[in-house]
Amino acid sequence: MTANTATSTATAPSSLKMNLFDLLKNILPFVKPYRWLVIITLVLTFAGSLMAQVNAVVLDRAVDTINELMQTTFAWSEATRLLAAISAILLGKEVLSAFVTFGQRYYGEKMRILVSRDLSLKVVDQILRFRMAFFSAEDNETGKLQSRIDRGIQSLSNTVNNFFIEILPLFTSAIFALILMFAANVYVGLVALCIVPIYFYLTYVQANHLKGWRRNIFGSHQAVSQGILNIIESISVIKSFNREDIESARQAAIQKAMTEQQMNTRRMSFFFNGLKSFFEQIGTVLIIILTAYLVLTDYPGMSIGKIMYHVMLFANVSAPIRQLHRIYDDMNDALIYAEGFFGILHAHDEIEDSGSYHPERVEGTFEMRDVDFTYSNGTKALTGVNLRIEQGKITALVGLSGAGKSTIVNLLDKFYHPDSGTVSLDGHELKDWDTQWLRENIGLVLQKNHIFSGSIEENILYGCPGATHDDVVKAAKQAYIYDQIMQLPNGFESQALQLSGGQQQRIAIARMFIKNPPIIFLDEPTASLDAIATEQIKASIDAIKAGRTVIIISHNIGQIIDADQIYVLQKGHVVQSGTPSEVYHQGGLYKDIFDASARSMNVDKIADTIDGQV
Ligand code: ADP
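So in the working numbering, spot 114 of the sequence shown is number 310, and the numbers just go up one at a time.
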């Protein structure tokens with residue numbers, strides 16, 4: 197990851213541009229199941245907003261009554277009654293308010309947690325259904341995808357929470373306060389109302405200024421996640437080459453760009469917030485001056501109590517407005533993160549398709565006709581490939597690295613679809629096959645198989661979750677790993693990830709044995725193994741070859757010459773095909789690879805050694 201990549205990812209993660217309406221429309225299905233929570237919260241919000249005006253009303257009445265008391269004959273008994281009434285109302289309101297606020301926060305939080313859980317479940321389900329091409333796209337590298345999902349869920353569920361426990365109560369309270377101000381005096385109400393659009397305008401300008409930067413910060417977050425992930429994954433290479441400084445400098449470059457963006461955002465925010473505070477103060481001053489003027493000129497319905505009343509109500513009107521920029525920022529964040537997040541949920545064309553062809557028995561004859569294939573990054577991996585893989589035979593794919601061998605296996609497993617041409621199994625195009633059934637019948641052993649965190653038993657059982665312990669033992673024996681497992685202190689319960697690379701490979705092969713499919717793809721299955729393990733695995737693979745269709749990719753000529761048929765690939769083209777000896781005697785690439793391989797093994801000296809001449 198370079199600083200360049202950091203800037204190139206500093207764009208919106210998805211072409212899906214969202215506005216507030218889209219955001220609400222998208223989030224609504226996740227809130228709908230909890231409509232009772234919504235109703236309870238709305239009722240509480242309504243009650244809370246009414247209660248928020250109580251202080252202003254009480255103060256208004258209290259000031260006026262005290263004023264009257266002072267002007268007429270003062271009596272302690274009346275004053276005490278007044279104070280008792282004020283205390284009772286205010287305390288009673290606070291107690292009620294505490295319950296309402298608790299309810300609002302509790303139900304709002306409950307909704308956030310539930311919505312967040314549903315969003316996570318939905319996105320995981322969706323990702324599991326995506327085709328492989330989705331994961332090989334540059335925008336969907338692990339770190340970026342993870343950051344897009346994490347931040348999407350966090351920001352969206354916070355939006356739901358904020359809406360119910362902040363935005364809605366504040367705005368409802370502001371509307372009630374405005375209504376009361378208008379009811380008391382139209383002019384005062386109008387002054388309060390006029391200030392509101394100024395805040396909205398300032399917030400709008402501020403948000404527009406910040407939008408681009410916030411989007412860039414989002415891109416930088418993704419770049420940082422990906423960068424850290426890359427460092428962890430490549431730590432042994434970084435250390436062995438002593439390249440810690442270079443990696444550190446790369447991270448510093450990404451962080452520097454992000455810091456600048458963050459500082460710009462903050463600077464702009466502080467400037468606008470100051471401006472808005474200034475206008476809020478102007479609003480308060482105007483309200484005081486106007487109400488005082490109306491009181492002094494004996495305007496009907498105006499009394500000293502109204503000065504405090506209007507100031508307190510105006511504070512309720514401006515409270516949400518004061519929060520407006522934060523709400524706006526949160527909303528903008530939610531919009532940006534929602535773009536990335538819902539981009540994943542709406543990527544319906546990334547969902548792996550499945551046909552309905554589901555024969556009782558799979559024979560195992562594959563055919564590729566005029567197949568062209570290009571990866572999403574533009575690499576053309578196959579051109580005009582024609583080949584036939586016979587049922588029950590062993591077919592080897594041979595060629596230098598990058599020739600397109602694994603790509604063929606990817607296409608045969610329906611991980612990818614060809615750009616043009618057809619891939620078929622038993623006379624039916626793969627696109628018509630029920631994808632799950634197809635893969636049920638294929639065993640795939642790769643050069644580096646994925647071993648999950650968990651016990652050896654769990655890892656083998658992954659091939660056939662319903663199998664018994666005896667089946668697991670049998671599969672382990674077939675994969676020549678049983679004895680080694682039994683030597684471990686915890687046997688089959690030992691952590692599979694603690695095994696060596698070669699042992700993990702045999703666990704993966706045992707996993708395939710237990711699956712027992714009629715078709716087997718072996719993509720350099722012994723590349724990371726020592727000679728003894730290679731021989732043992734070769735023996736176990738030989739044992740299950742009988743009656744199955746096997747496709748093997750290998751650089752090991754010992755495995756290739758066992759094949760019934762070989763296809764030689766060069767730069768995405770099939771350049772030779774036939775039995776190993778036929779193709780060898782044609783000359784060309786296969787002969788070159790074969791001879792080079794024999795020479796590199798120093799076959800003559802090996803033979804002499806075995807004969808005892810050296
Ligand atoms: P082989 O198995 O013969 O070594 P591959 O089939 O893996 O070759 O690769 C064929 C070409 O496709 C290579 O140029 C390789 O870089 C490219 N390629 C392989 N996998 C991907 C991928 N997921 N995304 C983009 N290009 C890829």
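Yeah, the Cβ is synthetic: ideal placement off N, Cα and C, and Gly gets one too.
Source: prediction; values computed, not measured.
By the neighbour-count definition (other C-beta atoms within 10 Å, threshold 16), GLU476 is a buried residue. Distances from the CB of THR722 to the heavy atoms of the ligand ADP are all 7 Å or more. SER514 has its Cβ no nearer than 7 Å to any heavy atom of the ligand ADP. Residues with their Cβ less than 6 Å from any non-hydrogen atom of the ligand ADP, running along the chain, are SER332, TYR571, ASN573, THR575, ALA577, GLY595, SER597, GLY598, ALA599, GLY600, LYS601, SER602, THR603. Burial is judged here by how many other beta carbons sit within 10 angstroms of a residue's own beta carbon; HIS417 has at least 16 and is buried. Where TYR763 is concerned, the enclosing beta strand (DSSP E) starts and stops at 761-766.
Excluding five sequence positions before and after SER332, the CB atoms of its chain that fall closer than 7 Å to its own CB belong to TYR571, SER572, given in chain order. A direct Cα-Cα distance of roughly 13 Å separates ALA739 from LYS670.
For the alpha helix (DSSP H) assignment, the uninterrupted runs of no fewer than 4 residues enclosed by the stretch 651-738 are, from N- to C-terminal side, 652-657, 665-674, 678-683, 697-711. Here GLN300 is near ILE361, since their CB atoms are less than 8 Å apart. Bridge partners of HIS769 according to DSSP: GLN766. Comparing alpha-carbon positions, the option among LEU386, ARG744, HIS751, ARG707 lying closest to LEU725 turns out to be HIS751. Beyond the five residues adjoining it in sequence on each side, LEU374 comes within less than 7 Å, by CB distance, of GLY385, ALA388, LEU389, VAL513 in the same chain, given in chain order. In this structure ILE716 is buried. Its beta-carbon is surrounded by 16 or more other beta-carbon atoms within 10 angstroms. A straight-line Cα-Cα distance of about 28 Å links LEU765 and ASP800. In the DSSP assignment, ASP568 forms a beta bridge with SER616. Going by C-alpha positions, LEU341 is about 22 Å away from LEU310. Secondary structure note for ASN582: its beta strand (DSSP E) is the uninterrupted segment 576-585.
TYR495 carries a coil assignment under DSSP once its states are collapsed to helix, strand and coil.
Residue environment for VAL239: exposed (fewer than 16 other C-beta atoms within 10 angstroms of its C-beta).
When DSSP states are grouped into helix, strand and coil, THR269 belongs to the coil group. Excluding residues up to 5 positions away in sequence, PHE569, THR570, TYR571, GLY600, THR603, GLY768 lie with their Cβ nearer than 8 Å to the Cβ of ALA577 in the same chain. Shown here, PHE359 sits in a helix according to DSSP, grouped into three states. Straight across, the Cα-Cα distance linking ILE394 with ASN404 is about 15 Å. Cβ atoms of GLN701 and PRO714 stay farther apart than 8 Å, at about 22 Å. In this structure, DSSP gives ILE638 an extended state, which the three-state scheme calls strand. At a Cβ-Cβ threshold of 8 Å, ALA672 and ALA706 count as neighbours. Secondary structure note for ALA592: its beta strand (DSSP E) is the uninterrupted segment 590-595. A distance below 6 Å between beta-carbons, with the five flanking residues on each side excluded, links ARG347 to the following residues of its chain, in chain order: TYR533. Excluding residues up to 5 positions away in sequence, LEU398 lie with their Cβ nearer than 8 Å to the Cβ of LEU471 in the same chain. When ILE285, GLY304, GLY339, LYS502 are compared, the shortest CA-CA separation from ILE363 is found for GLY304.
Shown here, GLU563 sits in a strand according to DSSP, grouped into three states. In this structure, the beta-carbon distance from LEU219 to ALA543 does not fall below 8 Å. Around ASN381, the same chain offers no residue with a beta carbon nearer than 6 Å, after the five sequence neighbours per side are excluded. VAL356 sits close to ILE223, with the two beta carbons spaced by under 8 Å. The residues ASP256, VAL259, ASP260, in chain order, have a CB closer than 6 Å to that of GLY501 in the same chain once the five nearest residues on each side in sequence are set aside.
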